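Visitor: In the working numbering, the protein residues as written are 8 to 283.
Yeah, the Cβ is synthetic: ideal placement off N, Cα and C, and Gly gets one too.
On a predicted model such as this, the values are computed, not experimentally measured, just so you know.
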Amino acid sequence: MTQALSVTMPRRPRVIALANQKGGVGKTTTAINLGTALAAIGEKVLIVDLDPQGNASTGLGVDRRNRKSSTYDVLCGDVGLGQALQPTAVPGLSLAPSTLDLLGVELEIASAKDRAHRLKHAIDELVYDQRCQDLTYILIDCPPSLSLITINAMTAADAVLVPLQCEFFALEGLSQLLKTVEQVRAGLNPRLIIQGVVLTMFDPRNNLSGQVMADVKSFLGDKVYDTVIPRNVRVSEAPSYGKPALLYDLRCSGSQAYLRLASEVIKRERALRAAA
C-alpha cells in the first residue's frame, strides 16, 4: 500500500508595499526605519529597494560599488531574489538593493506577458529558498510614481502602506493612488488591501499639520495609523551616515515613533489574520 506523502508548504512572509507617487513624503525613510523597528522586536525582515535612486540601499549602508546583483537583475529574470540579498548592520534585516539600471527595466520587460508579475514570481520562489524561510515581513520601497515597477510591487504585495506628508498637498494624488490599488485588485491581485496610512513629518507647532491630520482622518477613518511620525532632525541626518535612525539615535522622537508604528503594524496584521 502506498502511503501518501505529506508536504508542508513554507510559510509565506507578509508582503507590504510602501507606495506614494509623490516624492519627498518620507516613504524610503519609513521603509528603512519600519524595517529596522520590526527587526528590533524580533521579526525577520527583507527590504526590497525598487526605487532606481537606491536611497533605501544607501540609507542602510550598502555602497553602490557592492551592489553586484540588484532588483533590476531580479525583475529581468537574470537572478533569483535570494541571490540579490545582502545583510545589513541591523540583525534580522536584509536588503535587495537597487541600482540606476532599474531606470531601464520597464523597456526590458514591457513586451513580456508576465511583466506585472515579475516580482511576485521572484517572491514566490524565495519562499522555497532555505536561507530565507524564516522571513516574516517583506517591505517593498516603491519609486515615487505609479509605474510598471509600482504595479509589480502591488501585484506581489498583500497590503499597501501609504506614507503621507503633513503638508498642504497631502491629499492631492491620494485618490489616484487608491484608484490604482483598486485597479490592481480588480485585474491582478484580488487579495491586495490598504494596510494603513501613516502621517509623516508632523510638526505640532504648525497649525497646518493639525488640519491635515484632521482632513486625512475624516477622509480615511481608521485606515490612518494612530502613530504619527514627527519632523525630526536626527531622522533626517541618519541616512548620511548609512544608518537607520534607530541605530543613529534610538532615543530621538522619530526612532521612538517608528517603534510604535512597528507595533501598530503587527497589531493590524494579527487582526487581519484573525478575521480571515
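1) According to DSSP, simplified to helix, strand and coil, what is Q140?
2) Please indicate yes or no: does the CB of Y255 lie closer than 7 Å to some heavy atom of the ligand SAM?
3) With a Cβ-Cβ cutoff of 8 Å, do V235 and L206 count as a contact?
4) Relative to the C-alpha of G49, which residue among A245, V204, D141, M208 is closest?
5) Using the DSSP secondary-structure output, state which residues sit across from P170 in a beta bridge.
6) How should L12 be labelled, buried or exposed, when 16 other C-beta atoms within 10 angstroms of its C-beta is the threshold for buried?
7) Around the Cβ of R212, are there at least 16 other Cβ atoms within 10 angstroms (buried) or fewer (exposed)?
8) Using only the alpha-carbon positions, how far apart do N239 and V55 sit?
9) Taking A163 and V22 to be in contact with their CB atoms under 8 Å, please state how far apart those CB atoms are, rounded to whole angstroms.
10) What whole-angstrom Cβ distance do L25 and A46 have, given they're in contact under 8 Å?
11) Flag this pair as yes or no: are the beta carbons of L155 and L184 separated by less than 8 Å?
12) Under 8 Å, do D229 and R198 count as touching if we go by C-beta distance?
13) Taking V134 as part of the alpha helix (DSSP H), name the residues at either end of that continuous run.
14) Quick one: which unbroken alpha helix (DSSP H) runs of 4-plus residues sit fully inside the segment 79-137? Chain order, please.
15) When DSSP labels each residue in this structure, what does M8 get in the three-state scheme?
16) At 4 residues or longer, what runs of the alpha helix (DSSP H) sit wholly inside the segment 181-263?
17) Determine the direct distance from the alpha carbon of D210 to that of V219, and round the result to whole angstroms.
18) If you count every other CB in all the chains shown that lies within 10 Å of the CB of R280, and 16 or more means buried, which is it?
19) Would you kindly work out how many angstroms separate the C-alpha atoms of R18 and S262, rounded to a whole number?
20) Taking contact to mean 3 or more Cβ pairs, one atom from each stretch, closer than 8 Å, check whether the segment 169-189 and the segment 108-125 are in contact.
21) As a quick exercise: from A103, R258, I201, pick the residue whose alpha carbon is nearest that of G66.
22) Could you tell me which residues DSSP pairs with L146 in its beta bridges?
23) Are there 16 or more other CB atoms within 10 angstroms of the CB of A252, so buried, or fewer, so exposed?
24) Could you spell out where the alpha helix (DSSP H) holding A163 opens and where it closes?
25) Assign Q202 to buried or exposed, taking buried as 16 or more other Cβ atoms, counted over all protein chains shown, within 10 Å of its Cβ.
26) Given F176, which residues of its chain have a CB within under 7 Å of its CB, disregarding the five upstream and five downstream residues?
27) Using a Cβ-Cβ cut-off of 8 Å, state whether I54 counts as contacting chain D.
28) Cα-Cα, which of A160, K224, D256, G111 is closest to N27?
Guide: This is what the structure holds:
1) The DSSP-derived three-state label of Q140 is coil.
2) The model depicted lacks the ligand SAM and carries no ligand whatsoever.
3) Taking 8 Å as the Cβ cut-off, V235 and L206 qualify as a contacting pair.
4) The option with the nearest alpha carbon to G49 is D141.
5) DSSP, once it has assigned bridges, lists V205 as partnering P170.
6) Because L12 carries a pLDDT of 47, less than 50, the predicted location of this residue cannot be relied on, and no value is offered for it.
7) exposed
8) 25 Å
9) Right, their Cβ atoms sit about 6 Å apart.
10) No, L25 and A46 are not in contact; Cβ-Cβ is about 16 Å, not under 8 Å.
11) no
12) no
13) Premise fails: V134 is in no alpha helix (DSSP H) and is neither H nor E.
14) 88-91, 112-116, 125-133
15) Caution is warranted here: a pLDDT of 46 is assigned to M8, below 50, making its placement in the model unreliable, and no coordinate value can be reported.
16) 181-194, 214-227, 240-244, 252-255
17) 11 Å
18) exposed
19) 30 Å
20) Not touching, per the Cβ criterion.
21) A103
22) I23, I54
23) buried
24) Note, A163: alpha helix (DSSP H), 155-163.
25) buried
26) Taken in chain order, the list of residues that qualify is empty.
27) Absence of chain D from the displayed structure is noted, only one protein chain being present.
28) A160
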